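Presented below is the structure to which this report refers.
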Amino acid sequence: MGVVYHANFIIWFEVGRVELLRQLGFRYRDMEREDDCHIAVADVRCRYRAPARYDDEIVIRTRLKNVRDSILHFAYEIVRAEDGTLLADGESMHVVVSGKFERTSLPEKYRAPLVLRDVEGKSYDEIAAILQTSEGTVKSRISRARNFLRDKMRNYV
5 MGVVYHANFI IWFEVGRVEL LRQLGFRYRD MEREDDCHIA VADVRCRYRA PARYDDEIVI
65 RTRLKNVRDS ILHFAYEIVR AEDGTLLADG ESMHVVVSGK FERTSLPEKY RAPLVLRDVE
125 GKSYDEIAAI LQTSEGTVKS RISRARNFLR DKMRNYV
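Numbering (my numbering), first residue to last: 5 to 161.
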């Protein structure tokens, strides 16, 4: 048939997710090793739009849809590089757990860049809807995230 096996799309979602974290300045491997912080898949969905064929070059678009203390929600699009055809889209929901699979909060050093990435260019009320919280809480979280990153950057200068 020359068509890529359907489960590969889920693997590509993971590749996109890991690369997004890398672009934010940290590696998933380090989250696990240094902070005993794991993001376990709780739900994943994939909607197939067009077949990917062998030797197709693909682009994985990954974005953060929602961030809460112990929940991360990602969205994905897989497109064919040659013509931009949408091959699949999907979402995954992750629970932050320890190595013992006990639910825990995402450490601030990871949450801060995720929150700032998630809210870029949005109003406080839009952000409140994404984070499922009040506008006052949003202002506080963004302020904490910016202060955390500012303080962190002082250590590197």
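Even for Gly, the Cβ is constructed at its ideal location relative to N, Cα and C.
Keep in mind it's a predicted model, so treat the numbers as computed, not measured.
Check: DSSP beta-bridge partners for Arg-57?
Finding: Here residue 57 corresponds to residue number 53 of the sequence shown, with the count starting at 1. In the DSSP output, where bridge partners are listed per residue, Arg-57 has Val-7.
Checklist line | Residues that Arg-84 bridges to, as DSSP identifies them | finding: Taking the sequence shown and counting its residues from 1, one reaches residue 84 at position 80. Paired residue(s): Ile-62.
Check: Using DSSP with H/G/I as helix, E/B as strand and the rest coil, what is Gly-140?
Finding: As a first step, residue 140 is located in the sequence shown; it is residue number 136 there, counting from the start. The answer is helix: DSSP assigns Gly-140 an H, G or I state.
Note to self: Please tell me whether Leu-90 and Val-83 are closer than 9 Å, where the distance is taken between their beta carbons.
What the structure shows: Within the sequence shown, numbered from 1, the residue matching residue 90 stands at position 86. Within the sequence shown, numbered from 1, the residue matching residue 83 stands at position 79. Cβ distance < 9 Å, so Leu-90 and Val-83 count as in contact.
Check: Which value, in whole angstroms, describes the spacing of the CA atoms of Met-97 and Glu-36?
Finding: Residue mapping note: residue 97 aligns to position 93 of the sequence shown, counting from 1. Residue mapping note: residue 36 aligns to position 32 of the sequence shown, counting from 1. Near 18 Å, if we compare the C-alpha coordinates of Glu-36 and Met-97.
Item checked: Boundaries of the beta strand (DSSP E) in which Leu-91 is found, first to last residue -> Taking the first residue of the sequence shown as position 1, residue 91 is located at position 87. Here the beta strand (DSSP E) through Leu-91 covers 90-101.
Check: Looking at the unbroken beta strand (DSSP E) that takes in Arg-1, where does it start and where does it end?
Finding: No statement about residue 1 is possible, as the shown extent of the chain runs from 5 to 161 and does not include it.
Margin query: So, for His-10: in the same chain, excluding its five sequence neighbours on each side, which residues have a beta-carbon less than 7 Å away from its beta-carbon?
Written below: Looking up residue 10 in the sequence shown gives position 6. Tyr-52, listed in sequence order.
Check: In three-state DSSP terms, what is Asp-47?
Finding: On the sequence shown, residue 47 is found 43 positions in, with the first residue counted as 1. Three-state DSSP puts Asp-47 in a strand.
Check: Roughly how far, in whole angstroms, is the beta-carbon of Gly-20 from the beta-carbon of Ile-64, given that I think they are within contact range, below 8 Å?
Finding: The residue given as residue 20 occupies position 16 in the sequence shown. The residue given as residue 64 occupies position 60 in the sequence shown. About 4 Å; that satisfies the 8 Å criterion.
Notebook entry, point to check: Are Ser-102 and Cys-41 closer than 9 Å when you measure CB to CB?
Noted result: As a first step, residue 102 must be located in the sequence shown, where it is residue number 98. As a first step, residue 41 must be located in the sequence shown, where it is residue number 37. Closer than 9 Å, so yes.
Next item on the list: Using 10 angstroms around the beta-carbon of Val-71, count the other beta-carbons present and answer buried if the total reaches 16, otherwise exposed.
Entry: Your numbering for residue 71 matches position 67 in the sequence shown. With 16 or more other Cβ atoms within 10 Å, it is buried.
Checklist line | Own chain, CB closer than 6 Å to Tyr-80, minus 5 neighbours either side, in chain order | finding: Walking along the sequence shown from the start, residue 80 turns up at place 76. Cβ neighbours of Tyr-80 beyond the five flanking positions: Phe-17, Gly-20, Thr-66 and Gly-94.
Item checked: Backbone CA spacing between Glu-38 and Ala-85 [nearest angstrom] -> As a position in the sequence shown, residue 38 is number 34, starting the count at 1. As a position in the sequence shown, residue 85 is number 81, starting the count at 1. Using only the alpha carbons, I get a separation of about 36 Å.
Item checked: Beta-bridge partners of Asp-79, as assigned by DSSP -> Translated into the one-based positions of the sequence shown, residue 79 becomes position 75. Reading off the sequence shown, one finds Ala at residue 79, where the question assumed Asp. DSSP output for Ala-79 lists Arg-67 and Glu-95 as bridge partner(s).
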